[in-house]
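A short write-up of the structure that comes next.
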Ligand code: SF4
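In our numbering, the protein residues as written are 249 to 642.
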């Protein structure tokens, strides 16, 4: 297919596809799916070989958020029966992180619900980062605490944070439809603050919220412009008790096309398969490894993932390898550029809210013709790990 040949050439040269080309990837038919995966896989292997980076989520503070992000089980007014707790102590968080590292995770992602941290919260998280770094040599730490105020990114960087996550989630044009308590511009500004402080920016999207193909392309092009080092791609987990509970719009094939499009637009960036992979990709997860070079190990913030050992088995069975602590994730040209910027970022030639939060119900979703039925049987609220007395999944 001419389209795919063009996109592979561009991806190998880190050249930006046109919006029409990105839209055309999303419009390909199921008959062409393996060709699309193979093409984007060539670009993935050029920049990341067969390596898969493992990341481990620690939910420092769960639920009770004053913001109204409609996709989120921790939002204001959420009726989802998730775990709710306030800040984990540094030693509790460090213990949870250690389980992830022992399971093979190279990066620990410290996430807290809320609009953004107070200066006291930044103190707490700084102590937690120091405890984790002391007890887990070489581990990367990413903080995800919401909107940052002046100076907070610098303080997190000084405490040893390597990265900061704040997702754009969806296009600028539709942002107001999913959240009213903060703006798209607020999110962009926080990513830029993180970058200015020398933190590796992580910013991604959530697919499956009822957005159009054009919205998806818009947000991915905006991410490329923002130039984060890692782009998590979440697939909406439609939690019962949230406004988007009936949004079961995704098929495994659609998820793969979205991941391929993100890879073509952001060829040399850590593209991470994030929340919702088990629910929406299901038995097609191994194909996604040909497109992404990073996944979360184990559980998510408020929902359970498949067993950590199943993740490791899947990676090995699909012919990929877990990226070791001594390997630099990003290609050389990106790390050199970051070093230059530090002594004097992101997608291609040139970093949201929180990671996805993820209730079990027996009610079917709106299974209209051409859309999949709800798979609420696959959504399990997290009941183990951080904030509980049970061992974490790693
Ligand atoms: S995504 Fe973050 S800011 Fe938005 S409701 Fe959830 S926890 Fe709060």
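Beta carbons: idealized from backbone N, C-alpha and C, even for Gly. This structure is a prediction, so every number in the text was calculated from the model and none was measured.
Beta carbon of residue 232: closer than 7 Å to some heavy atom of ligand 1? Residue 232 lies beyond the residue range present for the chain, which begins at 249 and ends at 642; the question has no answer from this structure.
Return yes when the C-beta of residue 322 is under 7 Å from any heavy atom of ligand 1, and no when it is not. Within the chain shown, residue 322 is the residue found at index 74, counting from 1. Correct: residue 322 has its Cβ closer than 7 Å to ligand 1.
Report the rounded CA-to-CA distance for residue 378 versus residue 408, giving the unit in angstroms. Stepping through the chain shown from its first residue, residue 378 is reached at position 130. Stepping through the chain shown from its first residue, residue 408 is reached at position 160. Residue 378 and residue 408: Cα-Cα distance of roughly 7 Å.
Could you check the C-alpha separation between residue 374 and residue 310 for me, to the nearest Å? Here the question's residue 374 lines up with position 126 in the chain shown. Here the question's residue 310 lines up with position 62 in the chain shown. For residue 374 and residue 310, the distance between alpha carbons rounds to 18 Å.
Separation of residue 575 from residue 337, as counted between CA atoms: As a first step, residue 337 must be located in the chain shown, where it is residue number 89. As a first step, residue 575 must be located in the chain shown, where it is residue number 327. Taking the straight line from one Cα to the other gives about 31 Å.
Starting from the N-terminal side, write out each stretch of the alpha helix (DSSP H) that is 4 residues or longer and does not extend beyond the region 507-574. 525-528, 533-536, 556-565
Which word fits residue 638, buried or exposed, when buried means at least 16 other C-beta atoms lie within 10 angstroms of its C-beta? In the chain shown, the residue the question calls residue 638 occupies position 390. By the neighbour-count rule (16 or more Cβ atoms within 10 Å), residue 638 is not buried but exposed.
Is residue 394 near ligand 1, with its Cβ less than 7 Å from a heavy atom? The sequence position of residue 394 within the chain shown is 146, counting from 1. For ligand 1, at least one heavy atom lies less than 7 Å from the Cβ of residue 394.
Counted within 10 angstroms of its Cβ, other Cβ atoms place residue 557 as buried (16 or more) or exposed: The residue you call residue 557 lines up with position 309 of the chain shown. When all chains shown are included, residue 557 counts as exposed.
With 16 other CB atoms within 10 Å as the buried threshold, where does residue 324 fall? In the chain shown, residue 324 corresponds to position 76, counting from 1. Exposed is the call here.
Using a Cβ-Cβ cut-off of 7 Å (strictly less than) and excluding sequence neighbours within five positions of residue 566, which residues of its own chain qualify? Residue numbering aside, residue 566 sits at position 318 when the chain shown is read from its first letter. The answer, listed in chain order, is 534, 537.
Ranges of the beta strand (DSSP E) found wholly within the region 266-338, counting only runs of at least 3: 299-309
Based on the DSSP output, what are the partners of residue 356 in its beta bridges? The count along the chain shown starts at 1 and reaches residue 356 at position 108. Answer is 304, 389, bridged to residue 356.
Looking at residue 569 and residue 359, is the spacing between their C-beta atoms short of 8 Å? Against the chain shown, residue 359 aligns to sequence position 111. Against the chain shown, residue 569 aligns to sequence position 321. It is not a contact, given that the beta carbons lie outside the stated cut-off.
Less than 8 Å between the CB atoms is what I'm expecting for residue 519 and residue 510, so what's the real figure, rounded? On the chain shown, residue 519 is found 271 positions in, with the first residue counted as 1. On the chain shown, residue 510 is found 262 positions in, with the first residue counted as 1. 5 Å between Cβ atoms; contact.
Please say whether residue 453 and residue 467 have beta carbons closer to each other than 8 Å? Against the chain shown, residue 467 aligns to sequence position 219. Against the chain shown, residue 453 aligns to sequence position 205. Cβ atoms of residue 467 and residue 453: closer than 8 Å.
For a cutoff of 8 Å on Cβ pairs, would you count residue 547 as touching chain C? The structure shown has no chain C; it contains just one protein chain.
Who does residue 450 pair with in a DSSP beta bridge? Within the chain shown, residue 450 is the residue found at index 202, counting from 1. Note: residue 450 sits in a beta bridge opposite 413, 478.
Straight-line Cα distance separating residue 513 from residue 449: In the chain shown, residue 449 corresponds to position 201, counting from 1. In the chain shown, residue 513 corresponds to position 265, counting from 1. Approximately 17 Å, taken between the alpha carbons.
For residue 363, verify whether its CB is less than 7 Å away from any heavy atom of ligand 1. By one-based count along the chain shown, residue 363 stands at place 115. The answer is yes for residue 363.
May I have the straight-line CA-CA distance separating residue 321 from residue 522, to the nearest angstrom? Indexing the chain shown from 1 puts residue 321 at position 73. Indexing the chain shown from 1 puts residue 522 at position 274. When rounded, the distance between both Cα atoms is 16 Å.
Whole angstroms is fine: what's the gap from residue 490's alpha carbon to residue 418's? What you label residue 490 is simply residue 242 of the chain shown in a count that begins at 1. What you label residue 418 is simply residue 170 of the chain shown in a count that begins at 1. Rounded to the nearest angstrom, the two C-alpha atoms are 17 Å apart.
Alpha-carbon to alpha-carbon, residue 436 and residue 458: Here residue 458 refers to the residue found at position 210 when the chain shown is read from its first residue. Here residue 436 refers to the residue found at position 188 when the chain shown is read from its first residue. Cα to Cα, residue 458 sits roughly 22 Å from residue 436.
Cα-Cα, which of 331, 539, 425, 416 is closest to residue 307? In the chain shown, counting from the first residue as 1, residue 307 sits at position 59. That would be 331, whose Cα lies nearest to the Cα of residue 307.
With distances taken Cα to Cα, identify the nearest neighbour of residue 312 among 295, 550, 628. By 1-based counting over the chain shown, the position of residue 312 is 64. The shortest C-alpha separation from residue 312 is found at 550.
Mind checking whether residue 445 and residue 401 have CB atoms under 8 Å apart? One-based indexing of the chain shown puts residue 445 at position 197. One-based indexing of the chain shown puts residue 401 at position 153. In contact: residue 445 and residue 401 (Cβ atoms closer than 8 Å).
Would you list the residues sitting across from residue 455 in a DSSP beta bridge? Position 207 of the chain shown, counted from the first residue, corresponds to residue 455. BP columns for residue 455 point to 483.
Based on the DSSP secondary-structure assignment, which residues constitute the bridge partners of residue 629? The sequence position of residue 629 within the chain shown is 381, counting from 1. Looking at the DSSP assignment, residue 629 forms a beta bridge with 551.
Suppose contacts are defined by Cβ-Cβ distances below 8 Å. Is residue 429 in contact with residue 423 by that definition? Walking along the chain shown from the start, residue 429 turns up at place 181. Walking along the chain shown from the start, residue 423 turns up at place 175. Going by C-beta atoms, residue 429 is not nearer than 8 Å to residue 423.
Evaluate contact between the region 342-358 and the region 380-392, counting only Cβ atoms and requiring at least three cross-stretch pairs below 8 Å. yes
Closest to residue 267 by CA distance: which of 447, 391, 463 is it? Along the chain shown, read from residue 1 onward, the residue named residue 267 stands at position 19. The shortest Cα separation from residue 267 among 447, 391, 463 belongs to 463.
Identify which residue in 492, 371, 294 has its Cα closest to the Cα of residue 317. Here the question's residue 317 lines up with position 69 in the chain shown. Comparing Cα-Cα distances from residue 317 to each of 492, 371, 294, the minimum goes to 492.
Kindly give me the distance between the Cβ atoms of residue 482 and residue 292, rounded to whole angstroms, as I take these residues to be in contact under 8 Å. Along the chain shown, one-based indexing puts residue 482 at 234. Along the chain shown, one-based indexing puts residue 292 at 44. Contact flag wrong, Cβ pair sits at about 19 Å.
Of the choices 442, 498, 439, whose alpha-carbon is the least far from that of residue 461? Here the question's residue 461 lines up with position 213 in the chain shown. Ranking the options by Cα distance to residue 461, first place goes to 498.
Between 577, 581, 554, which has its C-alpha nearest residue 626's C-alpha? Counted from its first residue, the chain shown places residue 626 at position 378. The candidate whose alpha carbon is nearest that of residue 626 is 554.
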